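Peer 1:
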Amino acid sequence: MKILYASRELPHINKPMAAIGIFDGAHKGHQKLLSALVKRARYKNKKAVVITFSPHPYKILHPHKSPPMLFSLAHRLRILGNLGVDIVFVLRFTRRIASLSPEAFVERYLVKGLDIGELFVGDNFKIGHGRTGGLKQLKRFSAKYNFKLNVIPCRKINQKLISSTLIRKLLIEGNLKGAAARLGRRASILGTVVRGDRRGRIIGYPTANLDLHHEAVPPAGVYVVLVKYNGKNYKGVLNIGFCPTFKKRARERTVEVHIFGFKKTIYGADLEIVFLKKIREERHFHNREHLRLQIKKDLRQSQVLFGR
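Each residue of the sequence shown is one higher than the one before, starting from 1497 at the first, in our numbering.
1) Can you find the residues in the same chain that come closer than 6 Å, C-beta to C-beta, to I1575, ignoring five residues on each side of it along the sequence?
2) At the level of alpha carbons, what is the spacing between L1801 and L1772?
3) Let's see if you can read the secondary structure: which residues bound the alpha helix (DSSP H) around V1607?
4) Could you tell me whether the stretch 1604-1613 touches the stretch 1508-1519, using the rule of 3 or more Cβ pairs below 8 Å?
5) Quick one: Cα of F1756 to Cα of A1765, how far?
6) For L1615, does the count of other Cβ atoms within 10 angstroms reach 16, so buried, or fall short, so exposed?
7) Is the beta carbon of L1666 sitting closer than 9 Å to the one on L1767?
8) Taking the runs of the beta strand (DSSP E) that are 3 residues or longer, which of them lie wholly in the stretch 1766-1804?
9) Under the rule that 16 or more other beta-carbon atoms within 10 Å means buried, what is G1618, buried or exposed?
10) Can you tell me the Cβ-Cβ gap for E1777 and N1735, rounded? I've got them flagged as a contact below 8 Å.
11) Please list, in chain order, all residues of the same chain as R1591 whose beta carbon is under 7 Å from its beta carbon, the five residues on each side excluded.
12) Are R1651 and G1525 close, meaning C-beta to C-beta below 9 Å?
13) Candidates P1564, Q1799 and G1580: which alpha carbon is nearest K1731's?
14) Would I1663 be called buried (16 or more neighbouring beta carbons within 10 Å of its own) or exposed?
15) CB-CB under 7 Å to D1707, same chain, minus the five flanking residues each way: which ones, in chain order?
16) If you drop the 5 nearest sequence neighbours on each side, which residues of the same chain put their C-beta closer than 8 Å to that of L1596?
17) Which term fits R1678, buried or exposed, when burial requires 16 or more other beta carbons within 10 angstroms of its beta carbon?
18) Under the assumption that F1589 contacts P1553 (Cβ atoms under 8 Å), give the Cβ distance between them as a whole number of angstroms.
19) To the nearest angstrom, how far is the alpha carbon of L1645 from that of L1634?
20) Within 10 Å of its beta-carbon, does L1752 have 16 or more other beta-carbons around it, so buried, or fewer, so exposed?
21) Rounded to a whole number of angstroms, what is the C-alpha to C-alpha distance between L1500 and P1551?
22) Check this for me: beta carbons of V1723 and N1729, under 9 Å apart or not?
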């Protein structure tokens, strides 16, 4: 997949099939739309193109109300590539873009820019200043500017719309099963390995400390996880919390993962952590030995879950 960053203009791409959105979480509703986009592009022998925005529009327009993101941009792009998208344009969102009317945005970026052949949107899609452009306007624009509009019905579970907002809530509350049902896969986070205080190594269980790319993460606790690194899956145990055994008044959350049988030094590498199950809450231990014994129990329990 090709990734192109833009702030003003988009190049012509010979009548591509296109979709627009943040696609935070790339959930089942997004997947349905993107699957239709990619399938149509393959049939027409055209490019499947996605226009997305960074930062999230809310971070510019309503910074104090901006929702915690399920995916960082890097994670979002990784998933879009996995879904078969050919080209992603990352459009830098600004107040100038926010001020464009629905027709001005369509004309500038979709018609004069990409020169799209077809546009794929959900049936609740909105575009333009104040999100004032809906399906009625888009149908008029498609006739005026000669592109086909494809409206994909949104997906629901238990009569409730699948949305990034709902999935964020479920994940932050620790409802991994509910989040996974709507994501269409297990919830995961992406983080970069950074140097820590090496306490895990000292007590016999070395960990990779992660600087998360995400804002929406499950609650503090110990989780059985899969760790994706360099194209391979590894089994592990992850701790999210505030190190109460070593830091009495820690305010900054730490995230560290012990990877079974892994001995490489990977500072600076990105790891994707896939949540399988929470096995306990984070707890304070009276001393280092008590913590070591509990970690041993955690690893034994996780190995049972992995079938080892």
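The C-beta atom is built at its ideal place from N, Cα and C for all residues, glycine as well.
The structure displayed is predicted, hence computed values, not measured ones.
Peer 2: In this structure, then:
1) A1522
2) Distance from the CA of L1801 to the CA of L1772, rounded to the nearest whole angstrom, comes to 9 Å.
3) For V1607, there is no enclosing alpha helix (DSSP H), as DSSP gives it neither H nor E.
4) They touch, by the three-pair rule.
5) 17 Å
6) buried
7) no
8) Whole beta strand (DSSP E) segments, 3+ residues: 1766-1776.
9) buried
10) About 11 Å separates the two Cβ atoms, so there is no contact after all.
11) I1556
12) yes
13) Q1799
14) buried
15) G1687, T1688 and V1690
16) R1604, G1624 and H1625
17) buried
18) 5 Å
19) 8 Å
20) Before going further, note that residue 1752 is Glu rather than Leu in the sequence given. Buried, by the Cβ-count rule.
21) 15 Å
22) yes
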